[in-house]
Amino acid sequence: MGQNIIEKIIAHNIGAASVKPGEIVTAQVDRVMLDDIMIPFIVDKFQEMGFSRIWDPDKVVLIYDHLVPASQQDDTRHYKVGDAFARQYGLTHVHRSDGICHQLMTEAGYVKPGHVVFGTDSHTTTYGCVGAFSTGIGYTEMAAILGTGTLWVKVPETIRVEISGTLPEGVMSKDVILRLIGDLGADGATYRCLEFGGSAVEQMSVSSRMTMANMAIEAGAKCAVFTPDEKTAEYCQITLDEFQKGLVPDEDAVYARTLTYQAEDFVPVMACPSQVDKIRPVSQLAGTPIDQVFLGSCTNGRLEDLEAAARVLKGRKVADYVKLIVTPASRLVYEQAAEKGILAVLAEAGAIITHPGCGLCCGRTGGILSDGERVVATNNRNFLGRMGTSKVEIYLASPATAAACAVAGKIVTEAMV
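At position 342 of the sequence shown the residue is numbered 344 (this note's numbering), and the sequence of numbers has no breaks.
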């Protein structure tokens with residue numbers, strides 16, 4: 003029986019010829035990511051378990067991103083606990099406001115094709131964009147990994163998503179993953195892997211693939227994965243070895259389900275309040291007034307996302323009484339966007355540009371909304387209370403659509419402005 007990509011990664015990790023869905027295995031962990039929100043709880047559990055050393059400090063990455071800059075008094079406690087832990091156990095990979103954890107883990111080269119990676123954030127699924135098995139875990143599991151370097155995993159079933167053709171102008175990978183979530187439902191891929199392939203996927207940049215892997219969790223997926231290719235190698239600054247080149251599904255690989263799409267059929271869509279799987283074509287929502295637009299997050303805060311927004315905004319102005327908040331995903335993205343003149347275009351249009359970080363996406367800083375306000379956002383969740391009060395309406399969209407809405411002051415597609 004053939005193997006799909008995630009089965010090949012897990013089998014290689016444990017030194018087995020093959021694995022099958024439902025099998026419980028003990029994985030040897032290649033990297034872990036600790037975020038600032040969870041660090042005090044991780045430390046407490048680590049100490050409670052009686053560990054006196056970290057299995058491999060070089061494989062641990064601590065990232066301050068959700069709580070920077072501090073917006074509440076208790077935020078500084080997280081910094082102090084994290085810094086003390088890093089000093090005590092010799093952590094050298096510590097990022098203080100360098101950007102969002104999921105952007106940094108691949109951007110800074112911590113995750114490579116074929117790796118097995120865990121992080122204390124649900125959107126750790128993002129790293130599947132480079133062909134890794136990555137998933138989010140709780141602080142108890144993370145404390146156990148820090149002490150042992152291992153974690154048990156149940157091999158997931160896989161849903162194959164095949165997308166052929168070429169995406170129409172104005173349609174981005176965000177529209178693709180939103181459509182898929184709408185088709186699957188918020189629990190349609192629970193504890194399954196989403197494996198993406200097809201000619202349309204091959205045409206996508208690694209950044210576009212990151213968007214899709216990031217939001218796989220919104221359908222309940224355990225992980226997401228793409229076949230590593232030359233784009234992956236260039237992004238990761240490596241030459242693919244034979245194992246990495248072999249991370250393609252076998253012809254007789256077994257899937258729980260296969261979904262087939264034609265790229266030309268995709269249109270700009272939005273996730274409507276307050277469910278991420280409540281997907282509607284933007285054309286059906288056109289004309290709905292808005293108060294704010296948010297461009298950023300680990301889903302859509304990369305250079306190509308800012309470029310897409312700048313193309314729409316160039317020579318235009320943000321509508322009166324509408325706030326456009328732009329948050330680059332990392333310090334590097336910020337610098338590159340500045341060098342290319344993208345930030346200047348956004349600023350001239352009237353955008354408020356913030357430091358890199360999670361900020362508004364996780365409801366902490368940089369644009370919290372109030373009762374009755376409506377926001378079009380490029381992040382990954384639109385749950386009640388996510389970006390302000392429970393009476394805020396959140397519509398999720400692609401960067402191109404979000405920028406168009408900012409200009410129009412209402413929901414529109416890029417083609418409508």
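Backbone N, C-alpha and C define an ideal beta-carbon position, used for all residues, glycine too.
Owing to the predicted nature of the structure, the values given are computational and were not obtained by experimental measurement.
Residue(s) in a DSSP beta bridge with residue 389: According to DSSP, which records beta bridges pairwise, residue 389 is partnered with nothing at all.
Counted within 10 angstroms of its Cβ, other Cβ atoms place residue 168 as buried (16 or more) or exposed: exposed
Which residues DSSP lists as bridging residue 163, in chain order: 198 and 261
Per-residue DSSP class, three states only, for residue 371: strand
Identity of the residue in 386, 126, 191 and 204 nearest residue 164 by Cα: 204
Cβ neighbour criterion (16 or more within 10 Å) applied to residue 51: exposed
Under the three-state DSSP convention, the category residue 211 falls into: helix
DSSP three-state assignment for residue 79, whether helix, strand or coil: helix
C-alpha distance - residue 387 paired with residue 360, whole-angstrom precision: 16 Å
Rounded C-alpha distance that separates residue 179 from residue 315: 24 Å
Span of the beta strand (DSSP E) around residue 238: Careful: residue 238 lies outside any beta strand (DSSP E), inside the alpha helix (DSSP H) at 232-238.
N-terminal and C-terminal residue of the beta strand (DSSP E) that residue 306 is part of: Not the beta strand (DSSP E): residue 306 falls in the alpha helix (DSSP H), residues 305-315.
Per-residue DSSP class, three states only, for residue 151: coil
Whole-Å CB distance - residue 299 paired with residue 363, under 8 Å assumed: 4 Å
Cβ-Cβ distance between residue 266 and residue 170 below 8 Å: yes
Same chain, Cβ closer than 8 Å to residue 99, five either side skipped, listed in chain order: 66, 67, 70, 71, 333, 357, 358 and 359
Contact between the stretch 39-49 and the stretch 75-84 (3+ Cβ pairs under 8 Å): yes
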